[in-house]
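*Asks:* The following block contains the structure, expressed as structure tokens.
In the numbering used here, the protein residues as written are 674 to 848.
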């Protein structure tokens with residue numbers, strides 16, 4: 674009897690662990706090198722996904738090319754980001770990948786002054802430094818929900834798995 678309860682508990686814990694896992698996605702984010710990047714999914718839209726990005730905690734902030742709290746909207750051929758600096762300063766940038774060029778623009782609002790720049794880079798010069806892997810540590814369920822078509826069938830969510838696991842553990846304790 675105790676062995677069956679132990680096996681049931683192990684299965685429940687494995688299901689809960691799987692429901693809370695991380696995943697890796699590829700985002701359009703030109704010219705950031707091969708720095709490891711962590712992110713949280715904010716919202717999944719039909720043509721792009723919104724993330725909040727940061728470097729891993731074990732990376733020195735002076736070596737990190739991604740400022741903590743960077744908001745990124747990334748789709749297959751477009752990206753834009755925004756970073757709030759203090760109460761009134763903002764940095765924004767965006768790029769669109771055309772067939773042969775990467776068209777980018779950037780803006781800085783600092784001290785009431787706005788500066789804008791635009792550039793076109795041939796894809797041949799940018800090379801493979803357009804897309805980067807991001808380890809998603811929060812909001813994984815939003816990616817799964819967007820990728821899953823329910824077709825009228827109830828969808829199993831992380832909360833359903835946890836509640837089901839709690840019910841199984843509670844039932845096993847009664848036996």
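Yeah, the Cβ is synthetic: ideal placement off N, Cα and C, and Gly gets one too. Predicted, not measured: the structure shown is a model, and the values here were computed from it.
Checking 7 angstroms against the spacing of the C-beta atoms, do residue 766 and residue 754 come in under that value?
*Replies:* Cβ distance < 7 angstroms, so residue 766 and residue 754 count as in contact.
*Asks:* Counting only the same chain and skipping the five closest in sequence on each side, list residues whose C-beta sits under 7 angstroms from that of residue 806.
*Replies:* Excluding residues within five positions, the ones whose Cβ falls inside 7 angstroms are 697, 699.
*Asks:* Identify whether residue 761 lies in helix, strand or coil by the three-state DSSP scheme.
*Replies:* Residue 761 falls in the coil class under three-state DSSP.
*Asks:* What does a CB cutoff of less than 7 angstroms around residue 769 pick up in its chain, not counting 5 residues either side in sequence?
*Replies:* Result list for residue 769: 750, 751, 776, in chain order.
*Asks:* List the residues that DSSP assigns as beta-bridge partners of residue 793.
*Replies:* Partner(s): 776.
*Asks:* In chain order, what residues of the same chain have a beta carbon less than 6 angstroms from the beta carbon of residue 813, not counting five sequence neighbours either side?
*Replies:* Correct list, in chain order: 696.
*Asks:* In chain order, what residues of the same chain have a beta carbon less than 7 angstroms from the beta carbon of residue 759, not counting five sequence neighbours either side?
*Replies:* Cβ within range, chain order: n/a, list empty.
*Asks:* How about residue 744 and residue 721: are their beta carbons less than 7 angstroms apart?
*Replies:* No, Cβ-Cβ distance for residue 744 and residue 721 is not below 7 angstroms.
*Asks:* Please state whether DSSP places residue 736 in a helix, a strand or coil.
*Replies:* Residue 736: coil per DSSP, three-state reduction.
*Asks:* Would you call the CB atoms of residue 709 and residue 729 closer than 7 angstroms?
*Replies:* Closer than 7 angstroms, so yes.
*Asks:* Just verifying my parser: in three-state terms, what is the DSSP assignment at residue 718?
*Replies:* Coil at residue 718, not helix or strand.
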